[in-house]
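Working notes for the structure below.
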Amino acid sequence: MKYVKLTVVAVPLLLAAGCETASQNDKAMLDKANANAAEAKAASLKASADAQAAAAAARAAADAANRAAAEAKAASDKADRIFQKNLRK
254 MKYVKLTVVA VPLLLAAGCE TASQNDKAML DKANANAAEA KAASLKASAD
304 AQAAAAAARA AADAANRAAA EAKAASDKAD RIFQKNLRK
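Count along the sequence shown starting at 1, add 253, and that's the number in the numbering used here.
Below is the structure:
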């Protein structure tokens, strides 16, 4: 009877200790997963900021190209007017 009582008390304690060890391992794995997720989030935010900066630079380049095209057309039109004027003389 004494061994039965000891077993009844010892088995739950052993199981609790075993569960605690597994829980610590799980906690370590969860901490590592959370750290990896935080790193991934930081990397995605950086990539998003870089993409937005690249998009802004592309818009600025497109605007500059449009202005250059307009200036080139104006210069071409002026040269054409001068040429036509000289033909009439």
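For every residue, glycine included, the Cβ atom is placed at its ideal position computed from N, Cα and C.
Just so it is clear, the structure is predicted and the values come from calculations on it, not from any experiment.
- In this structure, the straight-line span from the alpha carbon of Ala290 to that of Ala296 is close to 10 Å.
- Taken through DSSP and simplified to helix, strand or coil, Lys338 comes out as helix.
- In this structure, the alpha-carbon of Glu292 lies about 20 Å from that of Asp279.
- Across the structure, Phe336 and Ala325 are spaced so that their CA atoms are roughly 16 Å apart.
- Distance between Asp303 and Ala327, taken at the CA atoms: about 36 Å.
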